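**Student:**
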Amino acid sequence: MKEALATHAEYHRSLEPKFNKITLEDLDKHDELPFSSIEDIAKLIDQLSAEMGGRRQKDKNAELRVLELQSRMLKSEFYLHLTD
């Protein structure tokens, strides 16, 4: 009986699918994401959220710089028209 149970357990272990750990680099290669990788997916979401936060800040800084330049250009044009 012990041998039969051990054989059954080994057989069922062999049927379990083997999934590679999901990373940002290979995320697009996965057609399906197993429920067992929910922790990996949560970590990826945290990483992507942090990256998006950094990019948003860079975008805001760039927008501020553009607005500053536009303001200076308008001031320059205004002063040029005053001297005409």
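The numbering used here puts the first residue of the sequence shown at 7, with every later residue one more than the last.
A virtual CB, placed ideally from N, CA and C, is assigned to each residue, including glycine.
Note that the structure is a prediction, hence the values are computed from the model and not measured.
Assuming K64 is part of the alpha helix (DSSP H), what are its boundary residues?
**Tutor:** Element bounds for K64: 44 to 89.
**Student:** How about I30 and L50: are their beta carbons less than 8 Å apart?
**Tutor:** What sits at residue 30 in the sequence shown is Leu, not Ile. Yes; because the gap between Cβ atoms is below 8 Å, this pair is in contact.
**Student:** K8 lies in the alpha helix (DSSP H); which residues open and close that run?
**Tutor:** 8 to 21 is the extent of the alpha helix (DSSP H) around K8.
**Student:** For G60, I'd like the list of residues in its chain whose CB is within less than 8 Å of its CB, leaving aside the five on either flank, ordered along the chain.
**Tutor:** None.
**Student:** In chain order, what residues of the same chain have a beta carbon less than 6 Å from the beta carbon of H14, not counting five sequence neighbours either side?
**Tutor:** For H14, where only same-chain residues beyond five positions count, there are no Cβ hits under 6 Å.
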